[in-house]
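Engineer: In the numbering used here, the protein residues as written are 5 to 122.
For every residue, glycine included, the Cβ atom is placed at its ideal position computed from N, Cα and C.
Everything numeric in this text was worked out from a predicted model, so none of it was measured.
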């Protein structure tokens, strides 16, 4: 699963971005249940408390709802809202760093885009 964060991000952010990528790709649609904390922790080789922190952030942001004794489920409209939030994060946080790196290396952004399309 491709994540949306960098390798130097805190573990819970990387775990959160893995689930976010799944929601954005449609692996988890509105009404779908997310893997249990324990199952996802085992799959990712992570501490269940760290996974719980990542999941809590989705609940805090309103992307999932908890059904006691059943699990976490993706809310209607979560993918669209998450896409808006991730775009904003990319444009304001990640893109300036990428652009700075491009400039530092003396690369041409247009050439890079054309190279990717080949």
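(1) Identify the residues that DSSP records as bridge partners of residue 37: which are they?
(2) Starting from the Cα of residue 21, find the closest Cα among 107, 67 and 116 and give me that residue.
(3) Residue 87 by DSSP, collapsed to three states: which one?
(4) Between which two residues does the alpha helix (DSSP H) holding residue 95 run?
(5) Is the number of C-beta pairs between the segment 76-93 and the segment 22-37 that are closer than 8 Å three or more?
(6) Which partner residues of residue 69 appear in the DSSP bridge assignment?
(7) Under a three-way DSSP split, which group does residue 111 fall into?
Structural biologist: Taking the geometry as given:
(1) 77
(2) 67
(3) helix
(4) It is not in any alpha helix (DSSP H) - residue 95 carries neither H nor E in the DSSP assignment.
(5) yes
(6) 77
(7) coil
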